[in-house]
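>
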Amino acid sequence: MEVSSINQNLPMAPAASTPTETDRAAQNREIVQAVKAVNSAELYGPNQELTYQQDSASKRMVVRVVDSTTKQVLVQIPPEYVLALAADLGKT
0 MEVSSINQNL PMAPAASTPT ETDRAAQNRE IVQAVKAVNS AELYGPNQEL TYQQDSASKR
60 MVVRVVDSTT KQVLVQIPPE YVLALAADLG KT
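Every letter in the sequence shown is one number past the one before it in numbering that gives the first Met the number 0, and letter 9, counting from 1, is 8.
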């Protein structure tokens, strides 16, 4: 069996690009506009609103359906236990 050297003249595949801050800012603006549209259409009813914010502990974005009168969180995505799991995994 003959083994030859690797051809170093072949083009390299581009590295996976990470989102830039401007990309993230643009995505956040789009999400904020979508949340405002959902809330103005009262898709969750007159006393409930959709919120989108960064969780202070995990730094992950969280979507919540909140009762607008009591400010009680009715639904959260991702749920608190998932954020806690992610935080625990990040500690190891």
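Yeah, the Cβ is synthetic: ideal placement off N, Cα and C, and Gly gets one too.
Values in this document were obtained by computation on a predicted structure and should not be read as measured data.
Could you tell me the boundaries of the alpha helix (DSSP H) in which residue 23 lies?
For the purposes of this step, residue 23 is taken as residue 24 along the sequence shown, with counting starting at 1. From DSSP, the alpha helix (DSSP H) with residue 23 extends over 20–39.
> Just mark residue 61 as buried or exposed, buried being the case when its beta carbon has 16 or more other beta carbons within 10 Å.
Translated into the one-based positions of the sequence shown, residue 61 becomes position 62. Residue 61 comes out buried.
> Tell me which same chain residues have a C-beta within less than 6 Å of the C-beta of residue 86, skipping the five on either side of it?
The residue you call residue 86 lines up with position 87 of the sequence shown. Correct list, in chain order: 57.
> In this structure, does DSSP put residue 51 in helix, strand or coil?
Working through the sequence shown from its first residue, we reach residue 51 at position 52. Strand.
> Comparing alpha-carbon positions, which option in 80, 68, 34, 24 lies nearest residue 49?
Position 50 of the sequence shown holds residue 49. If we check each option's Cα against that of residue 49, 34 comes out closest.
> Check the DSSP bridge columns for residue 66 and list the partner residues they point to.
Residue mapping note: residue 66 aligns to position 67 of the sequence shown, counting from 1. Answer by DSSP bridge pairing, in chain order: 47.
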